Structure formats: structure tokens, C-alpha cells
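Here is the structure we will look at, set down as C-alpha cells.
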Amino acid sequence: ENPWLEAVELQESAHPYHDWNERITAECYARNAASRMLDDQRKVLKIVNNYAKISFNFGPTLISWIEAHHPDVYRAILEADAESRANFSGHGSALAQAYSHLIMPLANARDQVSQVAWGVRDFERRFGRQPEGMWLPETAADLATLDVLARFGIKFTILAPSQAKRIRKIRGRNWRDVSGGRIDPTMAYKLQLASGRSIALFFYDGPVSRAIAFEGLLDNGAALAERLVGAFSEDTRPWPELVHTASDGETFGHHHRYGEMGLTFALSTIESNELAEIINYGSYLERHPPTHEAEIFENSSWSCAHGVERWRSNCGCNSGGHPGWNQEWRGPLRQALDWLRDEVAPRAEQRAQGLLKDLWEARNDYIDVILDRSPASVDQFLAKHAAHELAESEKVAALKLLELQRHAMLMYTSCGWFFDEISGIEAVQVLQYAGRVIQISEEALDFKAEEPFLKLLSEAKSNISEFGDGARIYQRFVKPSWVSLKKVAVHYAIRSLFEPYEGETQIYSYKVERESGSEDTKHDGKDRKLVLGRARFTSSITRESEDLCFAAIQSGGYDAIGAARPAPAGADGEAMMLELRQALTQDDGDAIQRFQECFQKDTYTLGALFKDEQQRVLNRIVETERIEAEEAFRQIYPRVIAALRTLTTVGLSLSIPLSFYAIAEFALNTQMRQALAEPEVNLALIESLTADAAAAKVKLDATTLEYSFRTTLERMVKQLGSNAGNLELVRKLNVMVGLALSLPFEVNLWTAQNICYEVLHASYGAFIERAAGGDEAAAEWVSAFNELSAKLSLSVPEEKPAVTLRP
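So the sequence shown is residues 201 to 1007, counted in the numbering used here.
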């Protein structure tokens, strides 16, 4: 996410989705909430919420995004935990997580406490209960971390078998070495801590986990079931054996397509055939407390053979895709961040005196504000932790100190070190968080941290000569992202040239209250657009606020410039606005020069727009040219496609000019995309374009076309959820789904299946009864819906359906 906007901006690499959260939600998180079981005809027999049958955790920052952007998936996750509590004697299957996904053994003691406190509080707010288990990022563990978990009431965590050092019976005398992954994973173990506290440890089955993640075991649900059951010992052990695996959630559907279905089938096979009992960790632990205790290797993890070195040194662990690269940059990156954290902390503590009773206690409770940033929530938090009743400026100062601390933990997010190159999006993300720490340090602590930070960062050498080192990467990718109230005002001004805002507006995490209007002008016979106004800009995060006047100007062409400056109060402010208006509206052709002078050359171009708005505005700017280009290509398309068809048919494709293919590809894909986006489909046009593409061997942009058509189809089918009896809608959906099945690329019908499955099980029976009673309209609906169900491969229930499950 952009740390200044508190939002995930457009990520081109996730195309056709807006960003990677969207893409992986579609491919994995949502699919596990509605996984398919097929009958022997490969029709969807049942849709299952996998989360109710497995133990799982979501990182708090991820699940907060899901809550905001996909509330249906979020509800399914919460419902799964509730269902698991009903099925497993009150023990929920959801696990908490250390909040920011940092490597806990490499964190200082204060950060370890805050990470667990935040993870616990976030979990309680979402799931309405105290977490029994907590997932440690990368399973990275040391005794200090595990003691913090136990201190917060966490009963268990899950580790890799390679993290186990030795075991013995509780109160036994002789330890047995189990290093090298030789620990028996079929029971729980007790870890006794120096504080007198203890915590249970589950060591997952390593070979089966690897087979799921890396060896294609998910490709066949029956094989997965057989492998899981086969992990029980042939000789009866003197305890109830637990077989359990651990893997990244993205394995099920994102890394392995249809992996969620393999999981569903395996669990159903095991359960329906009574091959084993499905259980979760909390329930197992209650019924079968540890009989053995274990010791672990300190500073160990599941994804680094060298302990936790992957997150601080060139240990040799990498993604393996770039021979010759090294990861020497990892050490300097961590050293630079450690320096920043340790320099900022005492300054923040000193600044907090007189504002907060205790900065660190306040930080531990600040999760309540992160979860609910309403004015009432913030005021309640400050009332509890403020050293006295704070003035508004003091509230801003206190909130900035706490935001500084939030980002000082976020900048340790583990993926920043996991991959091969410091210029990758993961390392740049942690530098973004560091940039926010530096900015707040300058504003709230008057501490200029950037220069010494960059000096340290310059030791982190990139493997790509273009990027040089961490300091250059920071200057190139992070510094331009800094956002201030002034930059928000500039964005507001430039965007208003193309799409005016109305009234009070929220721009990401900033509130804009406009105080005066804007005006558009035309001069010299050319279009020249001017926006001029004044508004109050306020951060919803820190409550920092400022009155600014803003202006933006476009004098033909494709460029625009904007600027902002503080607005004096009262008559002085009005006088300044009048002076600006007069200067910028003089009809002498020098508007741009005067604009620069009025704002002392501190002006910005379209690049100042936030990323998503850049895309919208650029699309508007070039709209006329785009339409003209599309029309020109459309006009020439019939002649070009005819030539391509003929030359391809007679075997002269090698002689065809590349420009012919370029024209045909552009025009054909443009027309196809527009046709597929229409709710009233032109089947004849689509069939003609498809035939053209096949005959002339013109490449279709399948990814974009599929996404465009699917979006239209999903928008239509969602209407069925609240209007199941709409016969005309069912008929239209029949046409749309039929078209989807006829296209030369696969269309994802997952959402359509989900909604029609719900209708099938909620409303279908009532229509059957009405049809049996002579209701002709109901009979027509049943006939149309049966046709739709067949196209969507849904199994229509009979009185006593006989089905054979297949993997």
C-alpha cells in the first residue's frame, strides 16, 4: 500500500486486475470460501467453505483490506470460524498473527510486545474471541518471542520440524536429539519458558507439506487424501496421532490452480469414509495435552536453512531465478532500518513527555485507533493515554508520534528481504514505510534523518546497474511518493481541471472542505482551462490540517500544471485570491509564465496526480485522439482483414507486412472488447470478429477480453441474487453464458456459478412446486434456469440424487 494514502494503488503487473490483492483474492482467498465438489458428470454438486475445515490465519493488514473491498469474502471467513467452533467443541480454526509480518527474533523487545498485542487485539475485534493460537511470520521463533506469546495468553504456535532441537517426556530425565527434522509431528509438545510460563508447539509434517507446496500433490484430491492418511503410522502409537501440514494460503488456488478443489475433495473423502477425524489444533490440545516437552533452535524459521539469516545477510537462500546475483544488500538494508528505528525511538519518547503518559503503553493500545479511526475512537484513546487534556495541536503531535511508530514496525515486513533484488517491489515497499518514518521525524521531531539514512542505504548494492544502490532506489521510487497536505491540494487542483470535485471530498485518507469556487476561462482563441480555489485539507490519520489556496492551468495540449500555497486568513486571504485570479486570467498569452511566478516556480505537472487518478485523467486527455484513432482503424479494418484472410489462406503469411497485423489486432480487439462489454450482446458481430481472428491468425488479447466480458456478466448475474424470479434476466444470462462457452478463450464463470448455486438451493424448489401446480410462468422459469444450470455445470438436485464423487 501507499503509506501516505493508506491504499493500494494501481499495480500494472497484476493486469487485468487493479492490484495483486485483487488478483489473489479472485484466485485464492475467495475461491477457498466457495470451493467446488464435482459429481461423476463433472458438474458442481456442492460449494464448500474450506476455511471451516482447516486451520488458517490472515495477516491483519490483508484481512482489513478484504473487509473493505470484499465484504462477502470477509463474512465467509468469519462464518467459517464460527462454524468451526460449533464443530470442534468451541475451538475456532482461525489463528492470530504477529501484526506486521516482521521476523520476530530480529525485532527488539518493545516491537515484539507490540506485534503480539496488536495481533491479539485485531483478532479479538474480528472474530469476537481470544485467539488460542498465533502464527509467527515465516515460523521464525526464539524463546523471547514465544514467551511474549505465552504472556498474552496464546496457547500454541506451529513450527517447522527442522526447528525442533531435542525432546523428552515431561518430567523425564533424558533428552533425545531430534535435529534435522527428525521430530515426530503427530503430537503436541510443551515448551517450558524461563519465565515460568509455557506454550504448546505443533511441528508440522515436513514431507507432506513440501509435496503440497512444490510437488503437485494438490493436482489430485484423491492422491492428497491418500498421502495425508498414509502419514499415520502403520504401527499403533500409544497416543492419538495428529497429521497436519502447513503451507502458504496462496498455494490453494493462486500458486496451484484449482488447488482449493483438491483440498475440498481430500477433506471430504477422509471425512465421509471415516478414514480419520477432522480436527483443529485447539480441540486436539484440549483433548490430548502434551506428554512430551521440546526445545527449539533459537532464531530458526521454516524458509531459511540458516535460521533467520535470509532477513539480514547473503546466506544463500533466494528465489533462484537470477544466476550470478547476490543478496549482499540485505545486511545494509536492515542496518539502515535499525539505525532509523533506534535514532527515532528516544527522540519520540522525549517528545511524548507532556503529551502521553507512556509512549510505549499508548503504542500497544494504538491498534484500537487503527481498527477504528472515527473521531470518537480517537478521542477515547487520547482520553485514556494523554498526560492532560490536549489542545488540537497537541493531539496532532501525539498522533504523529504514534503513526511514526506504526510505520517503524511496518518497515520490517519480512518480504522486503525474502527475494533476490533490492529494487523489487517488496524491498521498495519497506523503503516506502521508512520514508514515512523519515517524513514524520522531520515534522514531529525536527530530526533530519534522511541524509544519514541514505548514506547507510548506499552500502546496499543493487544487482542491476541501472539502479545502483539502495539510496538511488529510494530517491527514484520512494521520495517522489511523499505526500503532504500541499501535494494533496495540487492533486485536487489538477484533477479538478478534468473532473471537478463537488462539496466536501475524501481523497484517500485526506478530507477536503472547499471554501471558494473555481472558474474556467478561454483565451486567445484556444482552450485554456483554469481552476482556482481555496480549501481546508485535513489528514484523517493525524488530524493535521491546513488552509491552502490552489490553482491548476491547462493551455491546450496534453500537459497541465498545478500549485498550492498557504492561504492567509480573513481579508488577506481574499486579497491574495483576487490577486491570483487577476494575474492568471490576463489575456496576453503568458499565463503559464505568470502561473510559475505566482507560485515561485514551485509547481507540479500531471505526475503529481496519485497513480489511479493519473490513469483516469490521461484517459480523458487522450480520449478524443483515441476515438479518432479507433475510428480510423475501424475504417481501414475491412480491407486489411480481407487481405490477411486471403494471404493466409494461400500460404503467403510470411509476406504479409507487420503493419497489417498491427492494424487488424488493434481494431479487432477494440471492437471485440466494446462488444463484450455491452449488456445487450451483438452475437453476430462477436461471431464475425472471432471468425476473422481465427482465419487471419490475428492474436486476441484474451486476458483483457475475458476480464471485460466477465465483469459485464458478473454485474448482470449479481442482479439475480436479489431478483431470482426474473425470467427475462435468466434468459439473458443464458445468452451470456452460452456466449462465454463459445469464445476462443476460457471465461471464468466462478461468480456466476456461486450465485446460481445459491438460487438453486434457496428458490428452485419453490418454483418446481408452483410449476407442478400449473403455474406456466414458473414452468418457464424452471426450464430457463435448468438450461442455465446445465451451461454452468451445476448439478440440479433430484429427490434422491445418486452421485459418485470424483477427484
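Built from N, CA and C at the ideal position, the CB exists for glycine as well.
Nothing here was measured: the structure is a model prediction, and the numbers come from that model.
- Only residues of its own chain outside the window of five on either side were considered, and among them V881, L883 have a CB closer than 8 angstroms to the CB of V935, listed in chain order.
- For L992, the secondary structure class from DSSP, reduced to helix, strand or coil, is coil.
- Closest in C-alpha terms to E626, from the list P490, I640, T386, M611, comes M611.
- When only Cα atoms are considered, I478 and G290 end up about 14 angstroms apart.
- Within 10 angstroms of the beta-carbon of F795 lie 16 or more other beta-carbons, which makes it buried.
- Per the DSSP secondary-structure output, H444 pairs with nothing in a beta bridge.
- Taking C-alpha positions only, G921 is separated from L929 by approximately 11 angstroms.
- In the displayed model, A767 falls within coil according to three-state DSSP, outside both helix and strand.
- The DSSP-derived three-state label of F288 is coil.
- By the C-beta density criterion, R530 is buried, having at least 16 other C-beta atoms within 10 angstroms.
- For C504, no beta strand (DSSP E) encloses it, and the DSSP letter there is neither H nor E.
- Here R695 is not near E823, since their CB atoms are 7 angstroms or more apart.
- Per the Cβ contact rule, the stretch 368 to 376 is not in contact with the stretch 413 to 424 (fewer than 3 Cβ pairs under 8 angstroms).
- When rounded, the separation of the alpha-carbon atoms in P700 and R714 is 12 angstroms.
- Three or more pairs of CB atoms, one per stretch, sit closer than 8 angstroms, so the stretch 551 to 569 contacts the stretch 598 to 613.
- The count of Cβ pairs closer than 8 angstroms, one atom from the stretch 318 to 336 and one from the stretch 256 to 267, reaches three, so the stretches are in contact.
- The beta carbon of S963 sits closer than 6 angstroms to those of A924, all from its chain and outside the five residues before and after it, given in chain order.
- The alpha-carbon separation between G974 and K811 amounts to approximately 58 angstroms.
- Ranked by Cα distance from I496, the first of L391, L417, P440, D565 is L391.
- Less than 7 angstroms separates the beta-carbon of A689 from that of A764.
- For V731, same chain residues with a beta-carbon under 7 angstroms away, outside a window of 5 residues either side, are A693, S696, L697, S718, A751, A752 in chain order.
- Under the DSSP assignment, M916 falls outside any beta strand (DSSP E), being part of the alpha helix (DSSP H) whose first and last residues are 902 to 922.
- The beta carbon of T469 sits closer than 6 angstroms to the beta carbons of A425 from its chain, once the five residues preceding and following it are set aside; these are given in chain order.
- When DSSP states are grouped into helix, strand and coil, N257 belongs to the strand group.
- Of the other Cβ atoms in all chains shown, 16 or more fall within 10 Å of the Cβ of N499; this residue is therefore buried.
- In terms of Cβ geometry, R231 and V244 do not form a close pair [threshold 7 angstroms].
- Apart from the 5 residues on each side of it in sequence, A350 sits with its Cβ closer than 8 angstroms to the Cβ of L393, S395, R397, S398, I399 in its chain, given in chain order.
- As DSSP reads the structure, A775 sits in no beta bridge.
- Looking at the DSSP output, Q297 bridges to W335.
- Across the structure, S314 and N564 are spaced so that their CA atoms are roughly 5 angstroms apart.
- The C-alpha of N926 lies about 21 angstroms from the C-alpha of P997.
- Under DSSP, C749 shares a beta bridge with R734, R765.
- The residues F698, in chain order, have a CB closer than 7 angstroms to that of R820 in the same chain once the five nearest residues on each side in sequence are set aside.
- Annotation: L306 to V508 spans about 8 angstroms, alpha carbon to alpha carbon.
- If you draw a straight line from the Cα of A294 to the Cα of R285, it comes to about 10 angstroms.
- Beta-bridge partners of Y674 (DSSP): none assigned.
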